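Here the structure is laid out as C-alpha cells; the discussion comes afterwards.
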C-alpha cells in the first residue's frame, strides 16, 4: 500500500467517526449569549436586564449588547457585574469588535478568544484569568487595545504579539509573566501605551522599549536589566532566572546536543510509512477529541453550577484568585495561615509577594504628612528604592485582639479592583497599628471640586467629573457584590475618599476601616453624607452607602460641599456652602422647577451637556430617597451612569486611532487633575 492510500484510508476513517454537522449546528449569537449568562451570571444581574427573545431585535433590551445592521453581536460590554466562570462561550461571537468584561471574576484562559478575529478592543483586566498568552493571539490582526492586567496569567510574553501591528495599547501589569521581553517596538510602531510592571520578567530590556516608554512601564520586575535607570546587566556568559539557579550558556554550540537531533542527518530525509501512519493517527485522534468537545459544548444548554455564596469567603483564601497570595506574606519572606506566632509580631504583613520591604525600611523612609482624620494620620513615605506608599497610622480604633484585627484586614487586603485603593500591608502591635496602601498621586475628588477657589483655579470639566463618579461607582459596586450575603458596606463614602491615581482614574479609599469603630463613631464621621435612617439606628449598611454616593453625585453636579464638621484638613469654603443640606436643597430647587439653578456654574460653559446633567441628577435623586428599600443597588447605579455617557466605540472603520485613553469608560482629561 503506498503512502497516498494510507493517508486516504485513515482520513476517511477519522471523518466517519466525527458527528455530522446537521446533528447539531453552532448556536446563534443570542443562544451564545444565553449560554454565557447561564455560566457566569451567578447574581442574576444579566437575567434581570436581558429581555426579549432576540438580542439584536429592536423590540428587545439586552443591556451591554450592541448589534450590527446584519443582526450580529459586535459589542459586549459587561464590566463590574461580579460575573464568575469561563469566557469560552464568548469565542463563538465571531463578529465581536468590542469585548469589555473588566473587573469581574471570570476564569479560565484567553485562548478561546483567538477565534474572535474581528476584535478591536479587548478589556479583561481585574479578573481571575490564568494560563498563558497563546501564540495564536496573532490572529487578532485588527486589535487596537488589549488590557489583560490584574489577572493570574503566567508564562512568557509571546513574540507573536509583534504581528498585532495596529496595537495602540498593551497592558499586562500585575500578572505572573516571566521570561524576557521581546522588542515590541520594532513592529508595533503605533504602540502608545505599554505597561508590563509587577510581573516576574527578567533579562535585558530592549533599548528601543526603554527609550519609547518610561521605566514605570517595567517596574516591579527585579530580574530586568539594561541601560539607566535599570540596573546594569552584569552577566556575560550565563543568564540566571529568578526562579532557577540553572545557567544557560550564551554560546549555543556549547550546549549538549539533543540525542534525537544528533543522529545521522541522512535519516531525516524522509519518513517511513510506519511513522506517517503514527503521525496521522495521532493527529486524527486529537482532531476527534477537539471536535467532539466543541460539538458537545454547542449542544449543551444546561445551567452552570458556578453559583456560590460569598458570605463565608471574607475570611478564606481563594486559590489562584485576584486577591494575590493564598496566605498572608510576612516581610521576612515567610507565610503563615493565621499570623499569630510570636516571631511575626514585629513584621509587616503583606497581601502580595511583589514589592515587599521590611518595617525598618518603612521607618527609615522620608515621610510627609498628608492629613489627619478621625482614625489617625496619613503619611506619604518614599522608600530607599524610590517606591512611594501611603501609610495610615491608626490611633482611635477600638482595641481588639490580633486575630480579630487580622480578620478585618483580610476583608480589606484581599479585595483587588481597578477602582479601589489597594491595602498592600499592615503592621500590628498593641500600641501601634499601621496600614500601608498604594499611593495615589493626584489628590482627591474633594480637592478638585472645592480646592483653590481663587483666580488661578482650573475648573473641573464635565467629562472628567462623569468619568470619576463612574469609577467610584464601580469600585463601590465591587465592594457591595464581593461578599454576597454578608453585605459588607464601605461605611464612609465621600468625595475626600475618592482618590485619583497617576493616570487620573478614580479609586475608592478608606474601605473597611469603619468596621474598626463603634457604630456611633463610624456614623459621626459621615457628616453631610449620612443617610436619614442612621440618625436613629446607628448602623452601617449598603443602602446607606448608596445614599452617601447620591450626596456625592449632588456634590459633583452642584459644586457645593455637603454640610459637615470643618476640620484642619477640610477648611470652610464659605458659610453658605458649609451649612447646606444638599439633598434637601436640591429637592426644593427642583420642586420650584428651577432645575438649571442646581448645577455648578463652572459646568454651564460647556455645550450640549444639559441632557446628561439632568440624567445624572435623576440618578442622584434616586440614591437619596429617604426610604432605604427604594434606593437602587450600586450595580444598578453603575449601569445608569454608563447609559448617560456611552462612549463611541470603534466599531466602524472610521475610528480615530489617535485616541490614547485606555479604558472605554474611564477617559479623563489632564486639566482636571491636581496633586495633594
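Residue numbers (mature numbering (1 follows the signal peptide of the UniProt record, and there is no 0)): -24 to -1, 1 to 652. All residues carry an ideal CB built from backbone N, CA and C; glycine is no exception. Model, not experiment: these values are computed from the prediction.
Counting the other CB atoms within 10 Å of its CB gives residue 323 a total of 16 or more, which places it among the buried residues.
About 13 angstroms separates the beta carbons of residue 128 and residue 149, which is beyond the 8 angstroms limit, so they are not a contact pair. Here residue 334 is exposed: its Cβ has fewer than 16 other Cβ atoms, across all protein chains shown, within 10 Å. Within 10 angstroms of the beta-carbon of residue 466 lie 16 or more other beta-carbons, which makes it buried.
Its chain contains 179 as the residues whose beta carbon lies nearer than 6 angstroms to that of residue 156, once the 5 sequence neighbours on both sides are disregarded; these appear in chain order. Measuring C-alpha to C-alpha distances from residue 98 to each of 80, 120, 367 identifies 120 as the nearest. Runs of the alpha helix (DSSP H) spanning 4 or more residues and lying entirely within the region 358 to 404 occur at 378 to 389, in chain order.
If you check the CB distance, residue 394 and residue 101 come in under 8 angstroms.
Contact check for residue 63 and residue 89: beta-carbon distance about 7 angstroms, within the 8 angstroms limit, so the pair qualifies.
In this structure residue 453 touches residue 611 by the C-beta definition: roughly 5 angstroms separates them, less than 8 angstroms. DSSP places residue 409 in the uninterrupted beta strand (DSSP E) bounded by 409 to 414.
Taking a cut-off of 8 angstroms on C-beta distances, the region 3 to 13 touches the region 64 to 79, as three or more cross pairs fall below it. The shortest C-alpha to C-alpha distance from residue 534 to any of 492, 509, 580, 506 is the one to 580. Closest in alpha carbon position to residue 59, among 104, 499, 145, is 104. A contact is defined here as three or more CB-CB pairs under 8 angstroms, and the region 586 to 606 fails this definition with respect to the region 410 to 419. Annotation: residue 462 is outside any beta strand (DSSP E) and is labelled neither H nor E by DSSP.
For residue 537, the three-state secondary structure derived from DSSP is coil.
When only Cα atoms are considered, residue 331 and residue 342 end up about 18 angstroms apart. Its Cα nearest to that of residue 79, the residue 56 stands out among 56, 46, 34. DSSP places residue 123 within a strand segment (E or B) once states are collapsed to three. Per DSSP, reduced to three states, the secondary structure at residue 46 is coil, with no helix or strand assignment.
In the structure shown, residue 483 adopts extended strand secondary structure according to DSSP, grouped into three states. Beta-bridge analysis with DSSP links residue 154 to 176.
Taking 8 angstroms as the cut-off, the Cβ atoms of residue 474 and residue 464 do not count as close.
Taking a contact as a CB-CB distance under 8 angstroms, the pair residue 132 and residue 106 does not count as one, their CB atoms being some 15 angstroms apart.
About 15 angstroms separates the Cβ atoms of residue 560 and residue 524, ruling out a contact at the 8 angstroms cut-off. Residue 567 sits in a helix when the DSSP states are folded into three classes.
Using a Cβ-Cβ distance cut-off of 8 angstroms, the region 389 to 403 and the region 440 to 456 are in contact, since at least three pairs of beta carbons, one from each stretch, lie closer than that value.
One Cα belongs to residue 582, the other to residue 438, and the distance between them is close to 8 angstroms. A distance below 8 angstroms between beta-carbons, with the five flanking residues on each side excluded, links residue 37 to the following residues of its chain, in chain order: 25, 26, 27, 28.
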